[in-house]
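Asker:
This is the structure in structure tokens:
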């Protein structure tokens, strides 16, 4: 409870979630290796059959009406331990589909709960990916992905599962076509001697990757408290997730 801001338990064998008496959430969806092969450097690689479990729209019962009114949704994801060939366990690269209610591709705010993560993001999913960042985050760290950026969440702890929560737009949707057309995102993470190294994807223009630590995002009013607890304390705090147009100036020249 103290770690997550809402009463739930994470299970790894099998992967899934248990909700407290005052929390509702769906049965988790399992993402299988065969479903994500097209985003990997080696689509024929070996790895765990069940790569990660995802539950969207987890909430305290008393918050559901407020979340629906604000077009906000809280999701929880847990990864298997292990590797996908030479790559760490990771999500598929994608861009968020434009939401009809805002007209924007929504941002997303992550909070790491267990394990160590890399939130990789790039400005564009065209031939020139623009600026590329890999944000290295541990338990309690928050990472904000801005509107329209291609991104993926990568486990940086192959020997232990990664779990994180995230604030999303209620009309969330994922676009994969542009990333799959480039055989993935602009940089591939590879595991070498328990370290993550990066290999440029030749289907994109040459560029550089900035590997950085998380920051506070004070301009968005985010505090060190658990991000679900921050919503409980101030339901308007994360309105910029579902209405990024309301803070359009903050997205200009955004730096993760």
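Residue numbers (UniProt numbering): 1 to 256.
All C-beta atoms, glycine included, are put in the ideal place defined by N, C-alpha and C.
None of these values were measured; they are calculated from a predicted model.
Give the DSSP-derived three-state secondary structure of residue 86 in the structure shown.
Answerer: Correct three-state label for residue 86: coil.
Asker: Could you give the first and the last residue of the continuous beta strand (DSSP E) run that contains residue 210?
Answerer: First-last of the beta strand (DSSP E) with residue 210: 209-212.
Asker: For residue 246, which three-state DSSP category applies?
Answerer: Here residue 246 sits in helix by DSSP.
Asker: With DSSP collapsed to three states, give me the class of residue 67.
Answerer: In the structure shown, residue 67 sits in a helix (DSSP, three-state: H, G or I).
Asker: Going straight from the alpha carbon of residue 108 to that of residue 241, what length do you get?
Answerer: One C-alpha to the other measures close to 6 Å.
Asker: Only counting runs of 3 or more residues, tell me where the beta strand (DSSP E) segments fall wholly within the segment 125-197, in order along the chain.
Answerer: Segments of the beta strand (DSSP E) lying fully in the segment 125-197: 132-137, 142-145, 150-155, 163-169 and 187-192.
Asker: Within 10 angstroms of the Cβ of residue 142, are there 16 or more other Cβ atoms? Answer buried if so, exposed if not.
Answerer: Classification for residue 142: buried.
Asker: Comparing alpha-carbon positions, which option in 68, 72, 83 and 41 lies nearest residue 50?
Answerer: It is 83.
Asker: What's the C-alpha gap between residue 167 and residue 182?
Answerer: Going from the Cα of residue 167 to the Cα of residue 182 covers about 28 Å.
Asker: Per DSSP, what are the beta-bridge partners of residue 27 in this structure?
Answerer: Paired residue(s): none; residue 27 is not in a bridge.
Asker: Taking residue 35 as part of the beta strand (DSSP E), name the residues at either end of that continuous run.
Answerer: First-last for residue 35: 33-36, but that is the alpha helix (DSSP H), not the beta strand (DSSP E).
Asker: If I measure Cβ to Cβ from residue 98 and keep anything under 8 Å in the same chain, skipping five residues before and after, which residues do I get?
Answerer: Cβ within range, chain order: 104 and 105.
Asker: How do the segment 70-84 and the segment 154-164 stand: do at least 3 beta-carbon pairs fall below 8 Å, yes or no?
Answerer: In short, these stretches touch, since the Cβ pair count reaches three.
Asker: With the cut-off set at 8 Å, would you say residue 172 and residue 96 are in Cβ contact?
Answerer: Taking 8 Å as the Cβ cut-off, residue 172 and residue 96 qualify as a contacting pair.
Asker: Just the Cα atoms here: how many angstroms apart are residue 149 and residue 211?
Answerer: The straight-line gap from Cα to Cα measures roughly 16 Å.
Asker: Determine the extent of the beta strand (DSSP E) in which residue 17 is found, giving its start and end residues.
Answerer: It spans 15-19 - the beta strand (DSSP E) in which residue 17 sits, taken as one unbroken run.
Asker: Applying the 10 Å Cβ sphere with the 16-neighbour rule, what's the burial state of residue 199?
Answerer: Answer is exposed; the Cβ neighbour count stays below 16.
Asker: Per the contact definition of three or more C-beta pairs closer than 8 Å, is the segment 176-191 in contact with the segment 109-126?
Answerer: The answer is yes - the segment 176-191 touches the segment 109-126, with three or more Cβ pairs under 8 Å.
Asker: Name the DSSP bridge partner or partners of residue 200?
Answerer: Paired residues: 187.
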